[in-house]
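These notes are about the structure you will find just below.
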Amino acid sequence: MKTSNKLLLGFVGVLFAGMLTCNFILKAEYERIKNEKIVSKEYRTLSKDSFKYIKVDGTNQLFTTTDDDSEVLVEYATTYEITSLQDISSFAKIRFIGDTLLVNFEAIPDSLRTYDNQRLIIRCPSVSFIELKNVNKGYLSDFKLSDLTIHLKGTSYLGVLNNRIDKMILQEYNDSSCEINMTNGAEFKKDTAKKYINHLKLTLKDRSSFNADDIPFTTIDPIVDDSANISLSGASLRPLLKRSVQQ
103 MKTSNKLLLG FVGVLFAGML TCNFILKAEY ERIKNEKIVS KEYRTLSKDS
153 FKYIKVDGTN QLFTTTDDDS EVLVEYATTY EITSLQDISS FAKIRFIGDT
203 LLVNFEAIPD SLRTYDNQRL IIRCPSVSFI ELKNVNKGYL SDFKLSDLTI
253 HLKGTSYLGV LNNRIDKMIL QEYNDSSCEI NMTNGAEFKK DTAKKYINHL
303 KLTLKDRSSF NADDIPFTTI DPIVDDSANI SLSGASLRPL LKRSVQQ
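Numbering of the sequence shown is given in this note's numbering, commencing with residue 103 and proceeding in unit increments.
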């Protein structure tokens, strides 16, 4: 075998291993938040207002010295609910303006911080728009939606897991990042009639990054800055390859 071919195979192997590692980390983080036992500390706020739009700002916690920064899980439920392991008012301000839920994380002195006191779980039947600004860890899970628009700003991170979305618009700015993954890949692959995410319109600005591992998109419409990073593997590549052949 030629040396060049050996090098190419080695590079592909390293790249594949790296993607698997990222996917395992994403799934582990999501499961940690979702499945962690909540006992006597649980505080619940049952919203009297329905909402379609969610905006979360973690800017006030940017300059703290611990790693336990703003953490948000948005997941499907039949009711509107906001849950935390701590008293929500101790670390975040929540407001409703029309059909928009606004969450502003507050700065907490390092001496008062605990592992779980910046974590928020937002449950709702549906969502049309999500904006994260400087949110350290964000996750979106278990929705079936016709349309969804997502804006990521600052240093925000969003993991998109186990959702079925027909049309998704994703815009990333600054140093934000997004990963789309299937934690139950086999279940979704059996149901080929229903795409995980059907149509994706993607805009990557500044130094933002995007990763999709084996997601069977029907179409991808990307606009990517030179300084941004996009990583696609497996079925995620097919729409772009098909378009390049047609051109």
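From the three backbone atoms N, C-alpha and C, an ideal C-beta is built for every residue, glycine too. Being a predicted model, the structure only gives us computed values, none of them experimental.
Cα-Cα separation, Lys307 to Pro324: Position 205 of the sequence shown, counted from the first residue, corresponds to residue 307. Position 222 of the sequence shown, counted from the first residue, corresponds to residue 324. Approximately 11 Å, taken between the alpha carbons.
8 Å Cβ cutoff met for Val262 and Ile224: Within the sequence shown, the letter at position 160 stands for residue 262. Within the sequence shown, the letter at position 122 stands for residue 224. Not a contact, by the Cβ cut-off of 8 Å.
For Val262: DSSP bridge partner residues: Against the sequence shown, residue 262 aligns to sequence position 160. Per DSSP, Leu242 and Ile282.
Element boundaries [beta strand (DSSP E), containing Phe312]: Residue numbering aside, residue 312 sits at position 210 when the sequence shown is read from its first letter. Boundaries of the beta strand (DSSP E) harbouring Phe312: Ser311 to Asp315, taken from the DSSP string.
Reduced DSSP secondary structure (H/G/I, E/B, other) of Thr305: Within the sequence shown, residue 305 is the residue found at index 203, counting from 1. Thr305 sits in a strand when the DSSP states are folded into three classes.
Own chain, CB closer than 6 Å to Lys157, minus 5 neighbours either side, in chain order: Translated into positions along the sequence shown, residue 157 becomes position 55. Same-chain partners within the cutoff: Leu204 and Glu233.
Close Cβ partners of Ala194 (< 7 Å) along its chain, the five nearest in sequence each way excluded: Translated into the one-based positions of the sequence shown, residue 194 becomes position 92. The beta carbon of Ala194 sits closer than 7 Å to the beta carbons of Val205, Asn206, Phe207, Glu208 and Leu222 from its chain, once the five residues preceding and following it are set aside; these are given in chain order.
Neighbour flag for Ala179 against chain D, beta carbons, 8 Å: No chain D appears in this structure, which consists of one protein chain only.
Three-state secondary structure (DSSP) of Phe113: What you label residue 113 is simply residue 11 of the sequence shown in a count that begins at 1. In this prediction, Phe113 scores a pLDDT of 39, lower than 50, which makes its location untrustworthy; no coordinate-derived value is stated.
Exposure label - Ser152; buried when at least 16 CB within 10 Å: As a position in the sequence shown, residue 152 is number 50, starting the count at 1. Around the CB of Ser152, fewer than 16 other CB atoms lie within 10 Å, so the residue is classed as exposed.
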